[in-house]
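Inspection log for the structure reproduced underneath, given as structure tokens.
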Amino acid sequence: MASLEIKSGALVSLQDLRPSSPFFEQGASLRITGKLHEYSIETGLATIIDGDDILKVSTKHLRDLTFQVGSVYQFISELLIQAVMREFCKHVLVETLMGLI
Numbered sequence: 011m012a013s014l015e016i017k018s019g020a021l022v023s024l025q026d027l028r029p030s031s032p033f034f035e036q037g038a039s040l041r042i043t044g045k046l047h048e049y050s051i052e053t054g055l056a057t058i059i060d061g062d063d064i065l066k067v068s069t070k071h072l073r074d075l076t077f078q079v080g081s082v083y084q085f086i087s088e089l090l091i092q093a094v095m096r097e098f099c100k101h102v103l104v105e106t107l108m109g110l111i
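So the number in the working numbering is just where the residue sits in the sequence shown, counting from 1, plus 10.
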């Protein structure tokens, strides 16, 4: 069986980010798309959803962007897995796909 190589900025769905997935690796560089469910300007945390799957994304390094709840965004991020095994991305770049709900 051939091994799966994870490339930098690999496009994955939120369903792909489960502990059994080869993409679920500390520090993995991923492109993740989801609908913005909620955003807090105070904390810089965005919550994106795709079906029943939820991901928190840190947007504190983004400047001069306005996030619109209900819009679809693609985040290019580094995966940080916290001790409680919840996914959390440290955002490095964002590409908006406005209007695709």
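Note that CB positions come from ideal geometry on N, CA and C, so glycine has one too. Just so you know, these numbers come straight off a predicted model, no measurement behind them.
What does a CB cutoff of less than 7 Å around residue i pick up in its chain, not counting 5 residues either side in sequence?
i, result
"Glu52", "none"
Within 10 angstroms of its Cβ, does residue i collect 16 or more other Cβ (buried), or is it exposed?
i, result
"Thr76", "exposed"
"Ser68", "buried"
Give every residue of the same chain whose Cβ lies closer than 6 Å to the Cβ of residue i, excluding the five residues on either side of it in the sequence, and list them in chain order.
i, result
"Lys70", "Gly54"
"His47", "Thr57 and Ile59"
"Arg73", "none"
Would you kindly check if the distance between the Cβ of residue j and the Cβ of residue i is under 7 Å?
i, j, result
"Val22", "Lys45", "no"
"Lys60", "Leu27", "Correcting the residue identity first, residue 60 is Asp in this sequence and not Lys. Cβ atoms of Asp60 and Leu27: not closer than 7 Å."
In whole angstroms, what separates the C-alpha of residue i from that of residue j?
i, j, result
"Gly19", "Ser87", "8 Å"
"Ile42", "Leu90", "14 Å"
"Lys66", "Gly37", "15 Å"
"Tyr49", "Gln78", "8 Å"
"Leu40", "Ile64", "15 Å"
Would you give the residue range spanned by the beta strand (DSSP E) that residue i belongs to?
i, result
"Arg41", "Ser39 to Ser50"
"Val22", "Ala20 to Val22"
"Phe85", "Val82 to Ile91"
"Leu72", "Where Leu72 is concerned, there is no enclosing beta strand (DSSP E), given that its DSSP letter is neither H nor E."
"Asp60", "Leu55 to Asp60"
Apart from the five residues just before and just after residue i, which ones in its own chain have a Cβ nearer than 8 Å to its Cβ?
i, result
"Asp62", "none"
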